[in-house]
Amino acid sequence: MRDLLATLPALEFAPASRPVFEELMQHTPAADGVSFETGTVGAVSGVWCRPTASATQAVILYLHGGAYVLGSAIGHRNFVSQIVQRAGAPAFIPDYRLAPEHAFPAAIDDALSVFTGLCDLGYEAIAIAGDSAGGGLALSLLALVAARASNGAGVMPRCAVLMSPWTDLALAGGSMLTTAQADPLVKRDELKKAADLYLKDADPTDPRASPLYQPLGGLPPLLVHVGDDEILLDDSRRVVEAASSAGGEAALHIWEGMTHVFPSNLAQLQAARQAVDMVGAFLRQHL
């Protein structure tokens, strides 16, 4: 994995990179037995991924990555189809608004609208999942709706899956420095540029942008995958430490030699297939 990625350029988090990023994500093969359909939930458009053999009443809300600047439902649908096939439940991938055209809190506002829309459709068994910025967005949404549900308002999600989540837009994790040379894909300077595009003048420690900066008690079970070569490694570590310390169920899997959102590389990596198998089993267990 390290030798393969060493030949690739680091990701550039700028609007001009959107076509390249979408093409990169579409290298993940689509899963057999899963259909795609465009749709709208909570006034946010996106893509449904539906397993053809499932009769479950559960649903997965999947938030794509891309540093709040890149990414789309179409680009991520093949990867999400692999999760859907293994979980046996449909997923909706919203095209939440991106920066710099739409700054904070547009993404979390859209994510909340979609979650509320799924509840309005009658779904009571809901999992939230995401990768990279989508993983951070998933955790921000999870904390928000879990707090409301604890107070008797709305549905409590059953669980959440975070893959290489970006949970600290202040970039304060120690791995920003300690793994900087090892991570071939994500560079701190690029993350800072993306954070600035998304936040504008907002506080990077606002929990709606950086979910680490709030208590993480009262959450449903969490599953977190991350590679040990990632500069975002400590974003995952600190999430699991905080949730576990608050009495929650949180499992952290650190994969040796793996880097950012490696589970999407199912075509080439056995570790990716193993990680996605674990995601599917976790979702089946809790939905």
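With our numbering applied, the sequence shown covers -14 to 272. Where is the CB? At the ideal position from N, CA and C, for every residue including glycine.
Of the choices Ala58, Arg71, Gly212, Ala52, whose alpha-carbon is the least far from that of Val261? Arg71
Residue nearest to Arg82 in terms of C-alpha spacing, selected from Ala132, Val29, Leu197, His61: Val29
Where Gly18 falls, given that 16 or more other Cβ within 10 Å makes a residue buried: exposed
Any idea which residues DSSP pairs Ala33 with across the strands? Sequence check: residue 33 is Trp here, not Ala. Trp33 is bridged to Glu22, Phe77.
What does DSSP give as the partner residues of Ile284 in its beta bridges? Shown here, the chain extends from -14 to 272; a query on residue 284 therefore has no answer.
Just mark Thr41 as buried or exposed, buried being the case when its beta carbon has 16 or more other beta carbons within 10 Å. exposed
Taking the Cβ atom as the reference point for each residue, do Asn63 and Pro14 lie within a distance shorter than 8 Å? yes
Nearest-angstrom Cα separation, counted from Thr25 out to Asp220: 31 Å
Cross-strand partners of Cys144 (DSSP beta bridge): Paired residues: Ala112.
What is the rounded straight-line gap between the Cα of Ala132 and the Cα of Gly203? 7 Å
Cut-off 8 Å between Cβ atoms - residues of its own chain near Ala88, not counting five sequence neighbours on either side: Leu182, Tyr183, Leu184, Lys185, Ala187
I'd like the span of the alpha helix (DSSP H) that includes His271, first residue to last. 255 to 271
For Pro192, which option in Met148, Glu7, Tyr53, Leu154 has the closest C-alpha, if you only look at C-alpha atoms? Leu154
Per the DSSP calculation, Ala28 is bridged to which residue(s)? DSSP, once it has assigned bridges, lists no residue as partnering Ala28.
With a 10 Å radius around its C-beta and 16 neighbouring C-beta atoms as the bar for buried, classify His12 as buried or exposed. exposed
Does the beta carbon of Glu241 fall short of 7 Å from some heavy atom of the ligand NAD? What this structure holds is no ligand at all, so the ligand NAD is not there to describe.
Rounded separation between Ala57 and Gly27 - CA only: A quick correction: the sequence has Ser, not Ala, at residue 57. In a straight line, the C-alpha of Ser57 is about 17 Å away from that of Gly27.
Between which two residues does the beta strand (DSSP E) carrying Leu207 extend? Its beta strand (DSSP E) spans residues 207 to 212.
To which residues does DSSP link Leu237 through a beta bridge? Val209
Count the C-beta pairs between the stretch 104 to 119 and the stretch 245 to 259 that are closer than 8 Å, then say yes if the count reaches three, no if not. yes
Nearest to Glu109 by CA position, among Ser39, Glu175, Met263, Leu46, is which residue? Leu46
Mind checking which residues open and close the alpha helix (DSSP H) that includes Glu8? 3 to 10
Going along the chain, which residues of its own chain have a beta-carbon closer than 6 Å to the beta-carbon of Ala112, five neighbours each way excluded? Ile45, Arg143, Cys144, Leu268, Leu272
Report yes if the C-beta distance between Asp214 and Asp168 is below 8 Å; otherwise report no. yes
Short Cβ contact (8 Å threshold) for Gly73 with Ser20: no
Candidates Leu127, Arg35, His49, of which the one nearest Ala43 by Cα: Arg35
Please state whether DSSP places Lys178 in a helix, a strand or coil. helix
Which first and last residues belong to the alpha helix (DSSP H) in which Ile93 is found? 91 to 105
Buried/exposed call for Thr37, threshold 16 Cβ in 10 Å: So Thr37 ends up on the exposed side.
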